[in-house]
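One structure below.
There are 2 protein chains.
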Amino acid sequence: MNGAESLVRTLLASGVDTCFANPGTSEMHFVAALDRIPGMRCVLGLFEGVATGAADGYARMAGKPAATLLHCGPGLANGLANLHNARRAHSPVVNCVGDQATHHRPLDAPLTADTEGWARGASAWVRTARRASEVGADAAVAVQAARTSPGQVATLILPSDTCWDEGGEVAAPLPVPVAPEVAPDVIETARRLLLSGGQVLLLLGGPALTERALADAGRIVAATGARMLAPGNNARVARGRGRFPIERVPYPVDAAIRALAGVRHLILVGARAPVGFFAYPGKPGRLYPADADVHVLARPEQDAAGALALLAEAVAAPKVAAPEYRRPEPARGPVSSDAFAQSLAALLPEQAVVVDESISFGRALFSGTHGAAPHDWLQLCGGAIGEGLPLATGAAIGAPGRRVVTLQADGSALYTVQALWTQARERLDVTTVIFDNRRYAILQHELAAVGANPGRTALDMLDLGNPEIDWVRVAEGFGVPAARAETMERFNDLFAASCACPGPFLIDLAT
Amino acid sequence: MNGAESLVRTLLASGVDTCFANPGTSEMHFVAALDRIPGMRCVLGLFEGVATGAADGYARMAGKPAATLLHCGPGLANGLANLHNARRAHSPVVNCVGDQATHHRPLDAPLTADTEGWARGASAWVRTARRASEVGADAAVAVQAARTSPGQVATLILPSDTCWDEGGEVAAPLPVPVAPEVAPDVIETARRLLLSGGQVLLLLGGPALTERALADAGRIVAATGARMLAPGNNARVARGRGRFPIERVPYPVDAAIRALAGVRHLILVGARAPVGFFAYPGKPGRLYPADADVHVLARPEQDAAGALALLAEAVAAPKVAAPEYRRPEPARGPVSSDAFAQSLAALLPEQAVVVDESISFGRALFSGTHGAAPHDWLQLCGGAIGEGLPLATGAAIGAPGRRVVTLQADGSALYTVQALWTQARERLDVTTVIFDNRRYAILQHELAAVGANPGRTALDMLDLGNPEIDWVRVAEGFGVPAARAETMERFNDLFAASCACPGPFLIDLAT
Chain P
0 MNGAESLVRT LLASGVDTCF ANPGTSEMHF VAALDRIPGM RCVLGLFEGV ATGAADGYAR
60 MAGKPAATLL HCGPGLANGL ANLHNARRAH SPVVNCVGDQ ATHHRPLDAP LTADTEGWAR
120 GASAWVRTAR RASEVGADAA VAVQAARTSP GQVATLILPS DTCWDEGGEV AAPLPVPVAP
180 EVAPDVIETA RRLLLSGGQV LLLLGGPALT ERALADAGRI VAATGARMLA PGNNARVARG
240 RGRFPIERVP YPVDAAIRAL AGVRHLILVG ARAPVGFFAY PGKPGRLYPA DADVHVLARP
300 EQDAAGALAL LAEAVAAPKV AAPEYRRPEP ARGPVSSDAF AQSLAALLPE QAVVVDESIS
360 FGRALFSGTH GAAPHDWLQL CGGAIGEGLP LATGAAIGAP GRRVVTLQAD GSALYTVQAL
420 WTQARERLDV TTVIFDNRRY AILQHELAAV GANPGRTALD MLDLGNPEID WVRVAEGFGV
480 PAARAETMER FNDLFAASCA CPGPFLIDLA T
Chain G
0 MNGAESLVRT LLASGVDTCF ANPGTSEMHF VAALDRIPGM RCVLGLFEGV ATGAADGYAR
60 MAGKPAATLL HCGPGLANGL ANLHNARRAH SPVVNCVGDQ ATHHRPLDAP LTADTEGWAR
120 GASAWVRTAR RASEVGADAA VAVQAARTSP GQVATLILPS DTCWDEGGEV AAPLPVPVAP
180 EVAPDVIETA RRLLLSGGQV LLLLGGPALT ERALADAGRI VAATGARMLA PGNNARVARG
240 RGRFPIERVP YPVDAAIRAL AGVRHLILVG ARAPVGFFAY PGKPGRLYPA DADVHVLARP
300 EQDAAGALAL LAEAVAAPKV AAPEYRRPEP ARGPVSSDAF AQSLAALLPE QAVVVDESIS
360 FGRALFSGTH GAAPHDWLQL CGGAIGEGLP LATGAAIGAP GRRVVTLQAD GSALYTVQAL
420 WTQARERLDV TTVIFDNRRY AILQHELAAV GANPGRTALD MLDLGNPEID WVRVAEGFGV
480 PAARAETMER FNDLFAASCA CPGPFLIDLA T
């Protein structure tokens, strides 16, 4: 058995059975091993950022890591931005990077680069395999590292000779450390704060945003008068009718500061203390009041859901039902963010997975869709735009049978537009809605926010309308059927039809 | 004057007047400064790899660096693969990366990353600006570093407050170190080797591939019986009728070893000793005979052209005329690599710039086009595929008035396909020929080369035909007119027409 075969067999034994790949020459033995060993689903991406973003989306829905397969340092580099997003989302990813043979690396051939150096900035764990006989053991540790709570990017670099040499040994799966429990005295502190009468805000992130955890948080809030919020960007939120709704810390600094004004005790539950996405001249970086006390109920790697359940009991919160929402009628007439939210709430299928990289157009969408059918809502967590289409691709593979709906800003979509081809190839049930405003609208806001008064040159730099991108042609070129909507009626029809048909579809929504 | 303004003014004072940009929030003051200060041409890319690849192409044709403008660590990461290619091509690039404000970075907002760490692997020089008053001086040093022979990537990271704070000071241009001359005793050693009667190979790279340097090398070869070759991948080669033709070290290891068999003295002239692009089981990494002596006439940063001129005099080589080539007739009938080379030799406009990322289909194209009109031939130097379309974009801006012809493999084109939009936006005279074989053909060769016997899974991973990509729609979607050719006659017509019309055009060539 060669090293590549021991790698594939070890990954399968450790429960990793999906691989998002963009291979090159140094990975040919891995590719060949996939032929000989059944059980690994290989999904090809036309660009490495598609593969890494898909691995992020897969992990969020499947609750376990996929492998990637990337090619040398530059191939890894192309996947780094979405690995950064995966890192911020706490998604487990087993990031496999083929590289020059150990004896070839000193010759500094053209593709040779500092693969380890580039991997480190996006990975919690990095290892370069030394020989075929150790590849299996390396892979088992990589899976363990990836699955270590709250989920990490583990990068295993595989020089080509460690894959083609004989002597590979399959390694047994390693135990996955469970999320540490929260200590009783921490629960007790939180209980006292909640009953103190001061203004308390529970900031819920990561594992505190499941249906069950939100229900416990909802009980606590109802019983104590505290508030709850989620961070601005979240890996996965359970939402829709029958679930406890939660709002998010707004993106604009001024709005965020208003939303957090008056908070005396900020209790973090699987979340970090909220800070501005960017700094702005004369504005604070921290979004919560300077005199607020920050308490940690659960760190991101701890069992936040368990802590909320204990806390709900500790404050003797009675069970309460989630607020009732009526499914609205689809909106009619001109396209707007509010109208879109209304139609989405009306038409979203049961158990849909919403992937939200909607940026400027999307600010009303989260608040406006509490009344939709039960669904999960996934966001870009690291701020590196260009993850929406890959994230949706991986989510569809991680959650078969559920419709994925991608709410996608046009400028951001263009970074990894190649993901559409993978959606077509794998016949994934993904409906992509492009919010087609033909500009980097968010940057026009930002330019104003930094106090600049834009002239022609600046506006040109933020304009995507010269020439206009024909999204229907681009999508069809990649094999995804598509149509344009300029009214809500047309959108409603296209959206409902796409949700009723298997496979991908793209709606170019003029906004 | 704020820091951003001092940056733009210093770049202009140092001769950097073109900026390939994909800005974000942290760069808004740079964008605003561009409005206030005339003289900087800003070229927007929809993806950072387009901006960095374009900066590479620009530098090769303009002979001076452009600036880039990228957004935070992940934006830099998206540009790294083509910065790696630029580094290998010895292209000067002033790589500007906006980042979190100095006081915001400790808060670890979502987009915060190890920007310096990622920059290092692709840069010869990295600096993070500390304060507005130093940004001008930092920029002047960055330009100097970029222009230091043989040309380097210099990365200047600009926290947003160093751009928006007042106190910016414009710095004067710094002297550019000239390429060091080659010492007389080194010339003398080479002279003796050439006249020794042993088999001598001159391997010419970088600055030894200009028209003048090739003429001197041609004289030397004619006078001494030595041979000359270029590396497999070159930043820029002067070619076509009236110039001295040079062949390249072949890409396949076996062919390369045959081409270099019998060499007793390998003289490096601005080139490095040839090694395999990748290692293969049981094959050597070095492509030249183990008993060959390797001599260095000029290191890459030295004045290789000057050394060749001195050496030609030293061996008393008479002036010789370049061999005569007849422009062939365009090929007719079915599409093949040989037929394509013939048509290209027939139809290439005077002073065209050929960008070659042709991979498997393109192996015959270089040898088959010595008889074309005088032109420059640019290649991917770092092996990170996905540079062809951006490189052509930058080359067109660096060489206005010359037709750029991109010979582009389909799989590689898909990495940075967004460059087509920039070509449309800037109305660049670029004719892109997609070699549309609907698979990663090079990897099918490589899979065989590593001794694997591919089955269904492996072949699927190397197949781009499911679904087929409709290149005409993709190009039109990005605003570039396009058409498909399935015969040489149709190609000839489309190619000639596109060269006669201003602006970009794409030919989807079925191969």
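Taken in order, these protein sequences are the chains called P and G.
For the first sequence, numbering that gives the first Met the number 0 assigns the number 0 to the initial residue and increments by one for each residue that follows.
For the second sequence, numbering that gives the first Met the number 0 assigns the number 0 to the initial residue and increments by one for each residue that follows.
Just so you know, even glycine gets a beta-carbon here, dropped at the ideal spot from N, CA and C.
All of these numbers come straight from a predicted model, not from anything done at the bench.
- With respect to A118 (chain G), I156 (chain G) sits close: the two C-beta atoms are nearer than 8 angstroms.
- Contact annotation, C162 (chain P) with H28 (chain P): C-beta distance approximately 4 angstroms; criterion of less than 8 angstroms satisfied.
- Rounded to the nearest whole angstrom, the C-alpha separation of G502 (chain G) and A495 (chain G) is 13 angstroms.
- Put simply, the CB of F365 (chain P) is far from chain G, with every gap to its CB atoms at 8 angstroms or more.
- When Cβ-Cβ separations below 8 angstroms define contact, H83 (chain G) makes contact with chain P.
- A straight-line Cα-Cα distance of about 40 angstroms links V185 (chain P) and G48 (chain P).
- Distance from the CA atom of P329 (chain P) to the CA atom of N77 (chain G), rounded to whole angstroms, is 39 angstroms.
- C-alpha of L6 (chain P) to C-alpha of L458 (chain G): approximately 20 angstroms in a straight line.
- With a threshold of 16 other beta carbon atoms within 10 Å, H102 (chain G) falls short and is exposed.
- A Cβ of chain P is located within less than 8 angstroms of the beta carbon of N465 (chain G).
- Between A121 (chain P) and L79 (chain P), the C-beta gap is smaller than 8 angstroms, which places the two residues in contact.
- One finds A451, N452, P453, G454, R455, T456, A457, L458 in chain G with Cβ atoms closer than 9 angstroms to the Cβ of D34 (chain P), taken in chain order.
- By the Cβ neighbour-count rule, P333 (chain P) is exposed, with fewer than 16 other Cβ atoms within 10 Å of its own.
- Selection P:A303, P:Q99, P:G205 evaluated against T24 (chain P) yields P:Q99 as nearest (Cα-Cα).
- Listed in chain order, the positions of the stretch 106-123 of chain G with a beta carbon within less than 8 angstroms of a beta carbon of chain P are L106, D107, A108, P109, L110, A112, D113, G116, W117, R119, G120, A121.
- Counting only runs that start and end inside the stretch 21-47 of chain G, the beta strand (DSSP E) elements of at least 3 residues fall at 40-43.
- Rounded to the nearest whole angstrom, the C-alpha separation of A212 (chain P) and G305 (chain P) is 8 angstroms.
- Residue contact with chain G for W376 (chain P): absent (no Cβ-Cβ distance below 8 angstroms to any residue of chain G).
- Short of 7 angstroms from the beta carbon of P373 (chain P), and not among the five residues preceding or following it, lie these beta carbons of its own chain, in chain order: G239, R240, G241, R242, E349, Q350.
- The beta carbon of H294 (chain P) sits closer than 8 angstroms to those of T188, A189, L192, H264, L265, I266, L267, all from its chain and outside the five residues before and after it, given in chain order.
- With a threshold of 16 other beta carbon atoms within 10 Å, C95 (chain P) meets it and is buried.
- With the rule of 3 Cβ pairs closer than 8 angstroms, the stretch 277-296 of chain P does not count as touching the stretch 166-180 of chain P.
- The Cβ-Cβ distance between L461 (chain G) and Y439 (chain G) falls below 8 angstroms.
- Taking a beta-carbon distance threshold of 8 angstroms, P299 (chain G) does not count as an interface residue toward chain P.
- By DSSP's assignment, M60 (chain G) forms no beta bridge with any residue.
- Listed in chain order, the alpha helix (DSSP H) elements of length 4 or more contained wholly in the stretch 450-474 of chain G are 455-460.
- In this structure, the beta-carbon distance from A363 (chain G) to S336 (chain G) falls below 8 angstroms.
- Exclusion of the five residues before and after G464 (chain P) leaves R437 as the residues of its chain whose Cβ lies within less than 6 angstroms of its Cβ.
- For M487 (chain P), the enclosing alpha helix (DSSP H) covers residues 487-499.
- With contact defined as three or more Cβ pairs closer than 8 angstroms, the stretch 225-236 of chain G and the stretch 315-331 of chain G are not in contact.
- Per DSSP, the unbroken alpha helix (DSSP H) holding V134 (chain G) starts and ends at 131-146.
- Per the coordinates, the alpha-carbon of S132 (chain G) lies some 55 angstroms from the alpha-carbon of L446 (chain G).
- The residues C71, G72, L75, V96, D98, I156, in chain order, have a CB closer than 7 angstroms to that of T114 (chain P) in the same chain once the five nearest residues on each side in sequence are set aside.
- Judged by DSSP in its simplified three-state form, V252 (chain P) adopts helix.
- With contacts defined as CB atoms closer than 8 angstroms, D55 (chain P) and N84 (chain P) qualify as a contacting pair.
- Just measuring C-alpha positions, the residue of G:H89, G:F46, G:G44 sitting nearest A58 (chain G) is G:H89.
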